[in-house]
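**Q** Protein chains in written order, with our numbering: chain V, 1 to 301; chain H, 302 to 657.
We put the CB at the ideal spot given by N, CA and C, even for glycine.
Before I ask anything, let me first share the structure, which is written out below as structure tokens.
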């Protein structure tokens, strides 16, 4: 299997001389040989589907209380039973998927934006700009993200948006370092120097040479960033510092398991959310591993 | 080479050799001391710089926080008893009427003197609150760090030695699973298994049973929280130990050692693991922030009276002064541990020590 893949990859490398698209195709091929990543994509597609169509999939609504059906077990009207105030657990799981996806994608988009701007300026301007920006990056990185997140939450108060922004504000250093490193190595490359000598404008060097080179590593960082953001959101909501009820969040639902009777006798309230967190994070990590292999063929395990 | 030199018959020759060796030795030491000293000084300076940046970030956060800075310093009850003129006088005395950079200077001066302000959620000074809780956190962290590292190294070695067998595949996939499972779910699973359902014996909250302050009771209460943190830390260490040891085991000097007939155990421990250990040191240091973040959640779940629980409670009360205090302590801890990691690394790896 492994050998077979290698042989094919080598073959397509030969084609790289003739085919313009083949570096990209080769990456896709390497990605597709990693089966767990394909499983991951299927799982994430399902989670995204649930998040997008939560309204149709869960007609009962995540905030509809029904005091007659408090903590009723799965079956009948409620697919997964109801929680401690009589809300449909399945609806809350579905809308929780929405929360997780919004936080994951939103936080990573903002973090990548900040990181790219900081990294580009540090790499391009060098000297004191670089020194100052990199010290700030070190400063942010020296405090555990969760602690820094708790600081900002204590200032702005817990809500979906504040969680999203705060995660972005604490995770941008990874991409900033990556972009800066990439700029610094590329600046030394002969073909970049040649392009500059020939008089290619900086904007064109950026778009033609830098961004295509960055795309691969950044996509890996972004993928793991999403799973990390989902974990941080779940952790914060678990601590009561994240998404506030009645809005639904997986971490918040697992939090109910801190009551002994729910932990012991009413697993339908917390187990589905716990499983969703684990499955989603694992699936995204598998995709990340696949991307890493696709981008950098040298890194095998 | 050395024994060859000693066995040389002529007197003069051996003298030359001895002088040469002496010079080499002194060279070695001076070079080592100089570059090591320089490196350590540079790292301490970097650490101070990082701390300063953190304090700046923290102060900007503090000044953005809602509420009056005077009540954050003195406590709201003290402020409410003052007259308006007294408040004005106090503001001038504490320098709160001055611009931000000056206020920052005064604030950092106060912190260096051990005055971090007043915590409204704890109803005491921040320093007192930190002092009463720092011990519990450090105990939990240090023990989990030691056990987690040992666990990770042992499992990693077993996986590497049994490369490409089912043992390896099983042990190798464990860390992938652990990294995907947040620590609060691990904690709940352990509580479910060992405190309430299958083997309900271990305590799931507090540091001591009521009225029992004995050491044995403390250890008994530590088992579950320490396990959660140790498992979290072990996951990356398993991966790196395995990869790092495999890297070494595939190199030529291992083949040479094996072909000399050295026993398998000796080859792995003496030649393999000693060389694989160096990257592991930095991995343990790198994952300390993660461990601290895990401790915040673990302390909250197990009602462990440490700084993490303090921070979460303070954040729930929007008590920014207290949270900032925790952040500063954590930042100092991370910087110091990075320094220790660097120095340990320097001692363990002669290539780093010699600045090559």
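Is residue 199 of chain V close to chain H? Criterion is C-beta to C-beta, closer than 8 Å.
**A** Answer no: the Cβ-Cβ gap between residue 199 of chain V and chain H never drops below 8 Å.
**Q** Taking only runs that begin and end inside the region 137-192 of chain V, name each unbroken alpha helix (DSSP H) of 4 or more residues, in chain order.
**A** Fully enclosed alpha helix (DSSP H) runs of 4 or longer: 145-156, 160-188.
**Q** DSSP beta-bridge partners for residue 78 of chain V?
**A** Answer by DSSP bridge pairing, in chain order: V:75.
**Q** Residue 149 of chain V and residue 57 of chain V - do their beta-carbons sit closer together than 8 Å?
**A** For residue 57 of chain V and residue 149 of chain V, no; Cβs fall outside 8 Å.
**Q** Going by Cα to Cα distance, which pick from V:219, V:264, V:262, V:199 is closest to residue 105 of chain V?
**A** Nearest of V:219, V:264, V:262, V:199 to residue 105 of chain V, Cα basis: V:219.
**Q** Using a C-beta to C-beta distance shorter than 7 Å, which residues of chain H count as neighbours of residue 142 of chain V?
**A** Going along chain H in sequence order, the residues near residue 142 of chain V (Cβ under 7 Å) are 351, 355, 632, 635, 636.
**Q** Let's see if you can read the secondary structure: which residues bound the alpha helix (DSSP H) around residue 469 of chain H?
**A** Residue 469 of chain H -> alpha helix (DSSP H) spans 467-481.
**Q** Compare the Cα-Cα distances from residue 133 of chain V to each of H:351, H:636, H:628 and report the closest residue.
**A** Nearest option by C-alpha distance: H:351.
**Q** Mind checking if residue 258 of chain V is an interface residue toward chain H, Cβ cutoff 8 Å exclusive?
**A** True, the Cβ-Cβ gap to chain H drops below 8 Å.
**Q** I want to verify the contact list: residues of chain V whose CB lies under 9 Å from the CB of residue 598 of chain H, in sequence order.
**A** Chain V residues near residue 598 of chain H: 146, 235, 238, 239.
**Q** So is residue 114 of chain V in contact with chain H if we call contact Cβ pairs under 8 Å?
**A** No, residue 114 of chain V does not count as interfacial toward chain H.
**Q** Within 10 Å of its beta-carbon, does residue 429 of chain H have 16 or more other beta-carbons around it, so buried, or fewer, so exposed?
**A** Exposed, by the Cβ-count rule.
**Q** For residue 555 of chain H, I'd like the list of residues in its chain whose CB is within less than 8 Å of its CB, leaving aside the five on either flank, ordered along the chain.
**A** Excluding residues within five positions, the ones whose Cβ falls inside 8 Å are 549, 568, 572, 573.
**Q** Using a Cβ-Cβ distance under 8 Å, would residue 645 of chain H count as near chain V?
**A** Closer than 8 Å: no.
**Q** Are the CB atoms of residue 154 of chain V and residue 624 of chain H nearer to each other than 8 Å?
**A** Yes. Within cutoff.
**Q** From the beta carbon of residue 585 of chain H, is the nearest beta carbon of chain V less than 8 Å away?
**A** It does not; no Cβ of chain V falls within 8 Å.
**Q** Look at residue 44 of chain V and residue 230 of chain V and say whether their C-beta atoms are less than 8 Å apart.
**A** Going by C-beta atoms, residue 44 of chain V is not nearer than 8 Å to residue 230 of chain V.
**Q** Using DSSP with H/G/I as helix, E/B as strand and the rest coil, what is residue 88 of chain V?
**A** Three-state result, residue 88 of chain V: strand.
**Q** On the three-state DSSP scale, how would you describe residue 420 of chain H?
**A** It is a strand residue.
**Q** Listed in chain order, which residues of the region 465-490 of chain H have Cβ atoms closer than 9 Å to some Cβ of chain V?
**A** Cβ contacts with chain V come from 473, 477, 478, 480, 481, 482, 483, 484, 485, 486, 489, 490.
**Q** Would you mind telling me which residues of chain H sit closer than 7 Å to residue 138 of chain V, beta carbon to beta carbon, in chain order?
**A** Simply 351, 354.
**Q** Mark residue 648 of chain H as exposed unless 16 or more other C-beta atoms lie within 10 angstroms of its C-beta, in which case mark it buried.
**A** It is exposed - the Cβ of residue 648 of chain H has fewer than 16 other Cβ atoms within 10 Å.
**Q** Take residue 423 of chain H as the anchor and find which of H:631, H:640, H:612 has the nearest alpha-carbon.
**A** When only C-alpha atoms are compared, the closest one is H:612.
**Q** Would you check if there are 3 or more beta carbon pairs closer than 8 Å linking the region 29-49 of chain V to the region 287-296 of chain V?
**A** The region 29-49 of chain V vs the region 287-296 of chain V: in contact.
**Q** What residues match up with residue 426 of chain H in a beta bridge as DSSP calls it?
**A** Per DSSP, H:419.
**Q** For chain V, find out if any of its Cβ atoms is closer than 8 Å to the Cβ of residue 642 of chain H; answer yes or no.
**A** So no, residue 642 of chain H is outside the interface.
**Q** Consult DSSP for residue 605 of chain H and reduce its assignment to one of helix, strand or coil.
**A** DSSP places residue 605 of chain H in coil when its eight states are reduced to three.
**Q** Check each residue of the region 257-288 of chain V: if its Cβ is closer than 8 Å to any Cβ of chain H, include it; give the result in chain order.
**A** Those would be 257, 258, 260, 263, 264, 270, 274, 277, 278, 281, 282, 285, in chain order.
**Q** For the alpha helix (DSSP H) containing residue 557 of chain H, list its first residue and its last residue.
**A** Note, residue 557 of chain H: alpha helix (DSSP H), 553-560.
**Q** Comparing alpha-carbon positions, which option in H:500, H:608, H:509, H:382 lies nearest residue 434 of chain H?
**A** Ranking H:500, H:608, H:509, H:382 by Cα distance to residue 434 of chain H puts H:608 first.
**Q** Going along the region 491-515 of chain H in order, which residues come within less than 8 Å of chain V, judged by CB to CB distance?
**A** If the cut-off is 8 Å between Cβ atoms, the region 491-515 of chain H has 492, 493, 497, 498 near chain V.
**Q** Helix, strand or coil: which one does DSSP assign to residue 329 of chain H?
**A** For residue 329 of chain H, the predicted structure reports a pLDDT of 48, less than 50, and the residue's modelled location is therefore unreliable. The matter cannot be settled from this model.
**Q** Does the Cβ of residue 276 of chain V have 16 or more other Cβ atoms within 10 Å, making it buried, or fewer, making it exposed?
**A** Burial call: buried.
**Q** Determine the chain H residues that contact residue 152 of chain V at a beta-carbon separation under 8 Å, and present them in chain order.
**A** Residues of chain H passing the Cβ test: 362.
**Q** Below 8 Å on the Cβ atoms is my contact criterion, and I expect residue 476 of chain H with residue 537 of chain H to pass it. Report the Cβ-Cβ distance as a whole number of Å.
**A** With a Cβ gap of about 7 Å, residue 476 of chain H and residue 537 of chain H count as contacting.
**Q** For residue 469 of chain H, which residues in the same chain have their Cβ closer than 6 Å to its Cβ, ignoring the five residues on either side in sequence?
**A** The answer, listed in chain order, is 460, 463.
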